[in-house]
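> Residue numbers (the working numbering), protein chains in the order written: chain U, 15 to 230; chain X, 15 to 230; chain W, 15 to 230; chain R, 15 to 230. Think of the CB as a built atom: it goes at the ideal place given N, C-alpha and C, for glycine as much as any other residue. As the structure is a prediction and not an experimental result, all values here were calculated from the model.
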DNA sequence: AATGAATGAGATTTCATTCAT
DNA sequence: GATGAATGAAATCTCATTCAT
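1) Taking just the CA atoms, how far does residue 153(R) sit from residue 90(U)?
2) Are the beta-carbon atoms belonging to residue 74(R) and residue 60(R) less than 8 angstroms from one another?
3) Return the CA-CA distance between residue 55(R) and residue 144(R), expressed in angstroms with no decimal places.
4) Find the residues of chain U that neighbour residue 57(X), judging by a C-beta separation of less than 8 angstroms, and give them in chain order.
5) Between the segment 124-136 of chain R and the segment 180-197 of chain R, do at least 3 Cβ pairs fall closer than 8 angstroms?
6) Run through DSSP, which three-state label would residue 62(R) get?
7) Of all the CB atoms in chain U, is at least one closer than 8 angstroms to the CB of residue 17(X)?
8) Residue 168(W) touches chain R at which residues, Cβ-Cβ below 7 angstroms?
9) Enumerate in chain order the residues of its own chain whose CB-to-CB distance from residue 165(W) is below 6 angstroms, with the five nearest sequence positions on each side excluded.
10) Measuring CB atoms only, is the segment 195-208 of chain W touching the segment 155-163 of chain W, in the sense that at least three cross pairs come out at less than 8 angstroms?
11) Under 9 angstroms between beta-carbons, which chain X residues line up against residue 178(U)? List them in chain order, please.
12) Take residue 19(U) and list the residues in its own chain whose beta-carbon comes closer than 7 angstroms to its own, dropping the five residues that flank it on each side.
13) Verify the CB distance criterion: does residue 130(X) have a CB-CB separation below 8 angstroms to chain U?
14) Pick out the complete alpha helix (DSSP H) segments inside the segment 185-230 of chain R, 4 residues or longer, and give them in chain order.
15) State the CB to CB distance for the pair residue 225(X) and residue 180(X), rounded to an integer number of angstroms; the pair is presumed to be in contact (CB under 8 angstroms).
16) Reducing DSSP to helix, strand and coil, say where residue 126(X) ends up.
17) Within 10 Å of its beta-carbon, does residue 80(W) have 16 or more other beta-carbons around it, so buried, or fewer, so exposed?
18) Please work out which residues of its chain come closer than 7 angstroms, Cβ to Cβ, to residue 78(X), disregarding the five sequence neighbours upstream and downstream, and give them in chain order.
19) Can you check whether the CB of residue 147(W) is closer than 8 angstroms to the CB of residue 41(R)?
20) At which residues does the alpha helix (DSSP H) containing residue 73(R) begin and terminate?
21) Given that residue 53(W) touches chain R, what residues does it touch there, using C-beta distances under 7 angstroms?
22) Is the CB of residue 195(R) under 8 angstroms away from at least one CB in chain W?
23) Between the Cα of residue 183(R) and those of 227(R), 216(R) and 141(R), spot the shortest distance and give me the residue it belongs to.
24) Identify the contact partners of residue 106(X) in chain U, using a Cβ-Cβ distance below 8 angstroms as the criterion.
25) Are the C-beta atoms of residue 61(U) and some chain X residue less than 8 angstroms apart?
26) Residue 135(R) and residue 200(R) - do their beta-carbons sit closer together than 8 angstroms?
27) Return the residue from the list 82(X), 39(X) and 111(X) that minimises the CA-CA distance to residue 67(X).
28) Tell me the DSSP secondary structure of residue 177(X) in three-state form.
29) Under a three-way DSSP split, which group does residue 34(U) fall into?
30) Within a Cβ cutoff of 8 angstroms, which residues of the same chain sit near residue 196(R), ignoring the five residues on either side of it in sequence?
31) Hey, residue 92(W) and residue 141(W) are a contact pair by Cβ (cut 8 angstroms); roughly how many whole angstroms apart?
32) In three-state DSSP terms, what is residue 135(X)?
33) Under the three-state reduction of DSSP, which class applies to residue 150(R): helix, strand or coil?
34) Flag residue 22(R) as yes if its beta-carbon sits less than 8 angstroms from any beta-carbon of chain W, otherwise no.
35) For residue 76(U), count the other beta carbons within 10 Å of its own beta carbon; 16 or more makes it buried, fewer makes it exposed. Which is it?
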């Protein structure tokens, strides 16, 4: 699937969004990303970041004037570029196939999105944790994501519902189950630290059945 | 349902597990719980806890000698008592009804567990967040939860599988989808800050269909 | 003169304005005052303050959350209490003697104000230096001092002018010369580090002659 | 008055004393001067200087190896050249007119010196502030200025005193009042940010009367 | 038991200065 | 010469923890 090629890892995207950055600054960004994901933002010191990046502590502050800006530099391009692109790419794929079945749609979503999640697990972890802790980030995220879903995912769902391919629940609920189920894989891997290649196909089957229309 | 009555809110459980505590210490515990859930453990200062509890900062330390002990005092009883009881109660219910259908089992699980999640969302949030950041807590949790599920949930799943009531996936995967789906509700509510009374029945239907055996 | 007794040293006033302060906090305030006066605010580190006060560095921040607040704690009571009281006390003295001569007025002003300047040289040095460097402090000072002079000093000057006891210059100019001349003594002492007991009488004579009406 | 033409602005003098300086270094010097005067030396960063000068931060250090040298480059020529020349020029004027009256002398001093103060207010502000904070600068200034006044101003004062044109106070006191009164104008302008063309003549009259011999 | 001032280790941040390009 | 990224020492500030009252 050509689309898959388009999905860049969020880390690369963060870097792309921070073009023309001197190499040491990239190291700082990479170190921050790794440490924030591993230990959490609040538990990571700039000293650790500097050590991991192999730079002096002052260097951490050269481009990003506060630790919070460092977090923003990681999350912002993700929310404003990577995430939107991800959703729009999906929409394009789907719109070009008006007579998609539920299976085709879910497979189309899950395969690419799971690849994305696996590549960008680190940033997603940071995002999820910080969203649950910072009100400002939460509303920023909601105001970014809501219209994206509204405009790109929901019309597709509605069309499928109209054709009797999808259960008749509110779109937000269907999205909750789709996204949530994919994210459980992130959590599973955290706990079991094991990789399961079969995960994708199982998730597809689970969603496909779970979201089938109610048969009375 | 009688069982529901048995499910105490985690906070009450925490308090129960900390019996004979002077009132000020209870206030400290309650304040910590609220603040940890809202802002995260690392972002909460003992000063904030003291203020919220209406006590002096020194008082925070009378019973719990470190901030970490405070976290432990909240999470430990939850993991060692509340959580096990929750699962065992479920097992007892189910074991007494050998010919349960998938629907009955899932309903039996979800109704009570969702009530539990809704009551104890605060502690769960703390637990999930801290588990993702502390390796020790993670292995502690895994070594607690794994046998519990192994001993209580998995036999039930196996029996249902044997009777063709349940899809033939590894138990851990089925548990992942059941627990994960229920937890998505926590996250949904965090983002949308809206309560949906219909959530439970939708989740039941979603799981029931999603976990049905593959029909070929 | 009874009034002289009323003039408290600004340091005592700063302390008075910071009543019920634990002794260590007073030491912090006193150390800050001394060091700011000696080395300037920007050249004084909180480490120096802590060392001079004989406390830990954290103690410096217990009551005053920033170094700037420490400066404010010293200057604010001076501007809002000591300085106004100083001017009002003068006004009361003078108002009770409607037929004062220029000599009497100037003597009445200079004697007490010079005592004040000598006692509070340290704070005045800080105030003058910081005023010349911070725009906010400057306008704060102007908006405090201007009405005070307007209401208390200028009417007295006008009355003397009307009686031909005082040169017919704008009040602000007369104030400039009176205050300025007194302050030159501060600067002289800084440079020569010598005390001249005769200063007061010389200043009185200089002002008395300098501010006499123009004889044509 | 021809002399007035001779008085160059201190900035020009500073520049003159730093002849053969590449243009970028001049910009650095000018930026430093402006910023030190506005914000104080300690509150000005080399980054600000570089930005204001329109050069890179490294360039600030090409000629002046430390920030202190930058201050020295501004103040030194002022103290060693501008200031001495100012006083000597005055002396030459006066010596050539042995029968000067007090009015003539004061006018001769004040007119030119006030022009000087107005032109060089920025440097004077820096000088005064730093003198009050640095002991080395203070003694340097005293050892420079004292003999200059001793040799050039004091003989003139003595001659006038001998002729009964001037009050019989110590020369240092008379100098204090003359210089101090002129400097009050600097401070007045800082506070009121208004220019008063009449200032010079009022100051002359004030000094002339204030320094008149005591009449008994 | 409770208080809250004090502590000091350590975190964040600043900035004069250096140095490779 | 000029640049600006990098440095690291030192400054400001935070906060879990202790302790005298």
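To lay it out plainly:
1) 56 angstroms
2) yes
3) Going from the Cα of residue 55(R) to the Cα of residue 144(R) covers about 8 angstroms.
4) 56 and 147
5) yes
6) helix
7) Confidence is the limiting factor: at residue 17(X) the pLDDT is only 34, short of 50, which leaves the residue's position unreliable and the question unanswerable from this model.
8) Here the premise fails: no neighbours, minimum Cβ distance about 15 angstroms.
9) none
10) no
11) None at all; the shortest Cβ gap to chain X is about 15 angstroms.
12) Interpretation of residue 19(U) is limited by its pLDDT of 36, a score under 50 that renders its predicted location unreliable; the figure taken from the coordinates is listed afterwards. Here the set comprises nothing.
13) no
14) 185-206 and 213-224
15) 6 angstroms
16) helix
17) exposed
18) 84 and 87
19) no
20) Annotation for residue 73(R): the continuous alpha helix (DSSP H) segment containing it runs 71-77.
21) 147
22) yes
23) 227(R)
24) Result: empty, since nearest Cβ-Cβ is about 26 angstroms, beyond 8 angstroms.
25) no
26) Yes, the pair counts as a contact, with Cβ atoms nearer than the cut-off.
27) 39(X)
28) Coil.
29) coil
30) So the list reads 124, 127, 128, 131 and 217, once near-sequence residues are dropped.
31) 7 angstroms
32) helix
33) helix
34) Note on residue 22(R): pLDDT 41, under 50, position unreliable in the model; the coordinate value appears next. With 8 angstroms as the cut-off, residue 22(R) does not count as an interface residue toward chain W.
35) exposed
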